[in-house]
Amino acid sequence: MSKRRSKNVNDAEKHMLLKLIKPQLSVVENIKTDGATNKMKCSVWENITTSYNALKTTGPRTSSQLKALFDVMKRKTKKDKSSKKINSNIHQATEQTEREKEVMLDLISENKLSVDSLACSTNAWDTIAETYNQLQTSGVKISSELKMMNQRDTYKTEGGQSMIHPSTISNKIIDMMGNRFESIESPYDCDGDFPNSYLGPNDINSIVEESTLQPKSLRFDDVVDNQHTEYENITSDKQLMQDPLKNSTSQEKFPKVSTRVLPKKVYENLNELTNQRLGAYSKKESFINDNNALKRKQSEIKLEILEIEKIVANEKLKPERENYASQVKQTKLKEDILEYELKKKLKEL
Numbered sequence: 001m002s003k004r005r006s007k008n009v010n011d012a013e014k015h016m017l018l019k020l021i022k023p024q025l026s027v028v029e030n031i032k033t034d035g036a037t038n039k040m041k042c043s044v045w046e047n048i049t050t051s052y053n054a055l056k057t058t059g060p061r062t063s064s065q066l067k068a069l070f071d072v073m074k075r076k077t078k079k080d081k082s083s084k085k086i087n088s089n090i091h092q093a094t095e096q097t098e099r100e101k102e103v104m105l106d107l108i109s110e111n112k113l114s115v116d117s118l119a120c121s122t123n124a125w126d127t128i129a130e131t132y133n134q135l136q137t138s139g140v141k142i143s144s145e146l147k148m149m150n151q152r153d154t155y156k157t158e159g160g161q162s163m164i165h166p167s168t169i170s171n172k173i174i175d176m177m178g179n180r181f182e183s184i185e186s187p188y189d190c191d192g193d194f195p196n197s198y199l200g201p202n203d204i205n206s207i208v209e210e211s212t213l214q215p216k217s218l219r220f221d222d223v224v225d226n227q228h229t230e231y232e233n234i235t236s237d238k239q240l241m242q243d244p245l246k247n248s249t250s251q252e253k254f255p256k257v258s259t260r261v262l263p264k265k266v267y268e269n270l271n272e273l274t275n276q277r278l279g280a281y282s283k284k285e286s287f288i289n290d291n292n293a294l295k296r297k298q299s300e301i302k303l304e305i306l307e308i309e310k311i312v313a314n315e316k317l318k319p320e321r322e323n324y325a326s327q328v329k330q331t332k333l334k335e336d337i338l339e340y341e342l343k344k345k346l347k348e349l
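Each step along the sequence shown adds one to the number in UniProt numbering, with nothing skipped, and position 307 is 307.
Set out below in C-alpha cells:
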C-alpha cells in the first residue's frame, strides 16, 4: 500500500517553524560539513522537530520534512526577491524630468515616516501621487508607478532603503538571513568607463583629435619614407612585445586616474540645482495661489446664485400675498354685510 499524503502546512505553522529556527540559525546555516558540525545540526533539527510537533495543527512532521520545508521557503524567497528586482529595474516606467525628480525627492522626504510604516504606506503614496500629478509635466502617474520609480532610483544609488518589516514569511526569512540573499556585485561588470578610468578625459580628447581625418597630398618620396618609418615602427613594436617589462616605466605600468573636477563647474551645477528647486517652489506657490483664487471665485458665484434664488422666491410669493390680501378684504366685506342684515332684522322685530 502507498503511503498516505499528509496535510499541507499552513501559514501559522510556517511562522512557528521560523520562530523555532531563528535562535539556532547559526547552527542550521553553518556551511561546514565536518562530522562534529553535522552531528550538531542533526541534534538541533531533532529539537526543532520535537518543539514543532508539540505545537502542530496539521499533523506530525519529521526532521527531513521540516528541512525540506525550510529549503523551499528560502528558495521561494530568493525567487520573489529576484522578480521584484527585475520588475523595479528592467520594466521601467516613463522617464522623469529633473524638475519632477526634485519634486519627488521633496515629497518623499516630507512623508518619510508614513512611507516607511506598513500601516500608512498606501495612504502616504496616494497623497504623494495626488500632489505629484498637480506639479508634473511629463504625464499623470499612479501611486504604484511612483513607488516603482522610487525603488529603481534607490537601487541605483545604493542607499535609502527602508528597514525590512517581518510581516510575511518571505520578509521574515530575509530578516533572518540578512546579507545571504544579496547578490555579489563586481565593479568590473561594465567596461563603459574603461577609457575615463585608465586614460583620463584629456587623453581621450587628444586621441580623438589625432584620429580626425585631414586631406593630404601624397608624393612618391613621401610614400617611400612612410613605408620605411612603418617598417621601423613594426620592428620596435616586436622588441617591445618580446620584453615589455624592461621597456615600460612605472608610470606606464600603473597609469594614474585624474578625476579632479573644476570648482567652477561644481559651482555651476549647484547653482543650476538651486535654480531648479526655486523654480519648482515658485511654480508650486503659483499653483496654490491660482487654486485659492478659483475657490474664491467659486464661493462668490455661489453667493450670487443664492441672492438670485432669494429674489426669485420673493417674486413667487408676491402674487400669493396679493391673493391673501384680497381674500382678507372679501371676508371683511362679508362680515360687514352680515352685520348690516342682522341690525336690519332686529329693527323689524
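We put the beta carbon where it would ideally sit given N, CA and C, even for glycine.
None of these values were measured; they are calculated from a predicted model.
Worksheet item: Short check: CB of residue 66 to CB of residue 16, under 7 Å?
Response: no
Worksheet item: So is residue 140 buried or exposed if we call it buried at 16+ other beta carbons inside 10 Å?
Response: exposed
Fill in: As assigned by DSSP and simplified to three states, the class of residue 127
helix
Item to complete: Count the other C-beta atoms from every protein chain shown that fall within 10 angstroms of the C-beta of residue 294, then say buried if there are 16 or more, exposed otherwise.
Response: Exposed is the call here.
Discussion item. Buried or exposed for residue 286, going by 16 or more other Cβ atoms inside 10 Å?
Written reply: exposed
Worksheet entry | CA-to-CA distance, residue 21 to residue 51, given in whole angstroms | 11 Å
Worksheet item: On the three-state DSSP scale, how would you describe residue 161?
Response: Residue confidence for residue 161 is low, a pLDDT of 43 falling below 50, so the modelled location carries little weight; the figure read from the coordinates is stated next. Three-state result, residue 161: coil.
Worksheet item: residue 284 to residue 81, Cα distance in whole Å?
Response: 37 Å
Discussion item. Please tell me whether residue 25 and residue 148 are closer than 7 Å, where the distance is taken between their beta carbons.
Written reply: no
Worksheet item: Touch check for the stretch 122 to 132 and the stretch 300 to 310: three-plus C-beta pairs under 8 Å?
Response: Segments in contact, no.
Worksheet item: Any idea if residue 338 is buried or exposed, counting beta-carbon neighbours within 10 angstroms, 16 or more meaning buried?
Response: exposed
Discussion item. Do residue 63 and residue 49 count as a contact pair if the criterion is CB distance below 7 Å?
Written reply: yes
Worksheet entry | Rounded straight-line distance, which links the Cα of residue 10 to that of residue 168 | 13 Å
Worksheet item: When you compare only the Cα positions, how much space is there between residue 291 and residue 84?
Response: The alpha-carbon atoms of residue 291 and residue 84 are separated by roughly 39 Å.
Practice prompt. Pull up the distance between the alpha-carbon of residue 53 and that of residue 134, whole angstroms please.
Written response: 57 Å
Worksheet entry | Straight-line gap, residue 401 to residue 142 (C-alpha atoms, nearest Å) | With the chain covering 1 to 349 only, the question about residue 401 has no answer from this structure.
Worksheet item: Can you name the start and end residues of the alpha helix (DSSP H) that residue 6 belongs to?
Response: That residue, residue 6, is in no alpha helix (DSSP H); it is neither H nor E in DSSP.
Practice prompt. Would you give the residue range spanned by the alpha helix (DSSP H) that residue 50 belongs to?
Written response: Judged by DSSP secondary structure, residue 50 falls within the alpha helix (DSSP H) whose first and last residues are 35 to 54.
Discussion item. Does residue 349 come out as helix, strand or coil in the three-state DSSP assignment?
Written reply: coil
Worksheet item: Straight-line CA distance for residue 28 to residue 57?
Response: 24 Å
Worksheet item: For residue 178, which three-state DSSP category applies?
Response: helix
Worksheet item: Just curious, the alpha helix (DSSP H) that residue 28 is in, first and last residue?
Response: Unbroken alpha helix (DSSP H) run through residue 28: 25 to 28.
Worksheet entry | Straight-line Cα distance separating residue 75 from residue 33 | 21 Å
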